[in-house]
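First comes the structure, then the notes that go with it.
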Amino acid sequence: MLLIYTQKVTPRITYAFKHICTRVLGVDIKFTSKIEEFIAYESMKFSYGKKRLGNEMFFQNVDLLLEQGFSDVEIKVQDWENTKCFFSVSENSDLPFDIFAATFYLLSRYEEYLPHVKDDFGRFPALESVAYQENFLNTPVIDIWIQKFKNLLASRFLEISLKNRKYKSTSVISVSHVFNFKNKGFLRSITGILLDLGQLKFSRISDRLRVQLRLKKDPYNVFDDLILLVKKHKINLNFMFQLSNFNAYDRNINHNRLNYREIIKYVADYSIVGLRLGYFAISDVEALKIEKKRFENIIHGPLQNVINTKYNLLLPEHYGFLNELEIPNDYSMGYPETIGFRAGTSLPFLFYDLNLEITTPLRVHPYVFHSQATHTYDPIQLQEVVLKIMKDLKIVEGNMLTIFKNRDFSEYYNHEYHYSLLKQIHEIQ
1 MLLIYTQKVT PRITYAFKHI CTRVLGVDIK FTSKIEEFIA YESMKFSYGK KRLGNEMFFQ
61 NVDLLLEQGF SDVEIKVQDW ENTKCFFSVS ENSDLPFDIF AATFYLLSRY EEYLPHVKDD
121 FGRFPALESV AYQENFLNTP VIDIWIQKFK NLLASRFLEI SLKNRKYKST SVISVSHVFN
181 FKNKGFLRSI TGILLDLGQL KFSRISDRLR VQLRLKKDPY NVFDDLILLV KKHKINLNFM
241 FQLSNFNAYD RNINHNRLNY REIIKYVADY SIVGLRLGYF AISDVEALKI EKKRFENIIH
301 GPLQNVINTK YNLLLPEHYG FLNELEIPND YSMGYPETIG FRAGTSLPFL FYDLNLEITT
361 PLRVHPYVFH SQATHTYDPI QLQEVVLKIM KDLKIVEGNM LTIFKNRDFS EYYNHEYHYS
421 LLKQIHEIQ
């Protein structure tokens, strides 16, 4: 048991310390605000406060974890060894910055609660983040900090038992359209043919008719190929299927179609599956309830995993809906068009609600790369960035979580390029 002295135990302190010490490093901790108890304790211990009590391990604090609500916090980023940090403290501390406050700031997405300029989709853009502005968006800074903190603990407490992780690579396949042509209905098919005709896309018209006549497999139905990779190479692929009503934003086929339900059941036999939320399910808990029930009726089990349509995180409202409906895992934390670590980490973390000042049970799985980034990055540059991030994550025993769409692997998109990226990320020769 690691005893931690702090003058006051707040929900923020509990969250930050339990994430770093317990959830990541596997160390049980106990807090005390009694100096006499701390001094009398003869096992592993350190203090967190404004000044050292004696000759113990000591980490000086800033005020962030003692506060409530949110305000415009001054962030001064500085170089530290081979990375960057902020919330610097005096040389008397065993670390030159408040690792717990800095971790809390990034994990809680504190900056997203502050006034900022939204993008065209109403999202918090990467450009507004301190990580982008200070040039550490591509670096899992929290994971690096924790590794250095781990080494510090190991050198000070020889008896400590610390969790060892392994580098892990996982890709999520986001399915907004399970089929391109199949099961679209007579009116949508005729409309599609007329649109293709107007744009002189004769090969698409031919493909559409061949799919309808069952002479050709639908180009978006790439699930057999992806599951083959899972079975052959034992890679981690998760699939998120959309089950929303047809509307101006969500144009998938009817969720009651037998073909669609069979594909979900088939994929669920080999991979983790979840729900890709419809446009209205992001901001309307009743719409989310309906989609959740549909998914659970198909797989005959509870919904465990979700990802956002358009990845438009409305913090903390949307995560509040997921907690209300007891959905335990979300995969929406990242920037679709920009490679990098939105929350400063590759590792999953519990969501902290700044409005309520509580740790929630929702487990957030941050992604570092979305296939939409292939439209904004040069292929060679993108490959170099991805390889560098993979190398960095192996050093810190992190998670390489990436997002693709099923249509990325269809003949109507650059499927060879996307397959090569997927194989590179999962190190398939």
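With full-length UniProt numbering as the guide, the letters of the sequence shown map in order to residues 1 to 429.
Glycine included, each C-beta is placed from N, C-alpha and C at the ideal position.
**OP:** Since I believe V178 is in contact with Y220 (beta carbons under 8 Å), could you give me their beta-carbon distance rounded to a whole number of angstroms?
**Re:** 6 Å
Subject >> Nearest to L354 (by Cα), restricted to the options L3, D28, L65 and M44 >> reply: L65
Subject >> Whole-angstrom C-beta distance between V364 and M333, which should lie under 8 Å >> reply: 5 Å
Original post:
Are the beta-carbon atoms of Y5 and S47 separated by less than 8 Å?
Top reply: yes
Subject >> Buried versus exposed call for S90 [16 or more other C-beta atoms within 10 Å across all chains shown] >> reply: exposed
**OP:** Would you kindly work out how many angstroms separate the C-alpha atoms of D250 and S93, rounded to a whole number?
**Re:** 53 Å
**OP:** Check F186 in the structure and name its three-state DSSP category.
**Re:** Below a pLDDT of 50, predicted positions are generally treated as unreliable, and F186, at 48, falls in that range; the measurement from the model is reported next regardless. Three-state DSSP puts F186 in a helix.
Original post:
For V396 versus P96, is the C-beta spacing smaller than 8 Å?
Top reply: no
Original post:
What do you get for F186, buried or exposed, if any count of 16 or more other CB atoms within 10 angstroms of its CB means buried?
Top reply: For F186, the pLDDT reaches just 48, beneath the cut-off of 50, and the residue's location in the model is therefore unreliable, although a value from the coordinates is still provided. Its Cβ having fewer than 16 others within 10 Å, F186 is exposed.
Subject >> Start-end ranges of the alpha helix (DSSP H) lying completely within the stretch 208-259, minimum 4 residues >> reply: 223-233
**OP:** Please go through the same chain and pick out, in chain order, the residues whose beta-carbon is closer than 7 Å to the beta-carbon of residue 430, but skip the five residues on each side of it.
**Re:** No statement about residue 430 is possible, as the shown extent of the chain runs from 1 to 429 and does not include it.
Original post:
Is the stretch 230-241 touching the stretch 146-165 in the sense that three or more CB pairs, one from each, lie closer than 8 Å?
Top reply: no
Subject >> First and last residue of the uninterrupted alpha helix (DSSP H) at N323 >> reply: E317 to E324
Original post:
If we call anything under 8 Å between Cβ atoms a contact, is L313 one with K292?
Top reply: no
Subject >> the stretch 413-427 contacting the stretch 382-391, beta-carbon criterion three pairs below 8 Å >> reply: yes
**OP:** Kindly indicate which three-state DSSP category L5 falls into: helix, strand or coil?
**Re:** Residue identity differs from the one stated: residue 5 is Tyr in this sequence, not Leu. Reduced to three states, the DSSP call for Y5 is strand.
**OP:** Might you give, ordered along the chain, the residues of its own chain that have their beta carbon closer than 6 Å to the beta carbon of Y15, omitting 5 neighbours on each side?
**Re:** Y352 and T359
Subject >> Beta-carbon spacing of S171, L422 below 8 Å >> reply: yes
**OP:** Would you check if the distance between the CB atom of Y377 and the CB atom of I403 is smaller than 8 Å?
**Re:** no
Original post:
Any chance the stretch 258-269 sits against the stretch 221-231, with 3 or more Cβ pairs inside 8 Å?
Top reply: yes
Subject >> Contact check, G340 vs N138, beta carbons under 8 Å >> reply: yes
Original post:
Is P11 helix, strand or coil by DSSP?
Top reply: helix
Subject >> Secondary structure of F349, DSSP reduced to three states >> reply: strand
Original post:
Which of helix, strand or coil does DSSP assign to S332?
Top reply: coil
Subject >> Coarse secondary structure for T32, derived from DSSP in three states >> reply: strand
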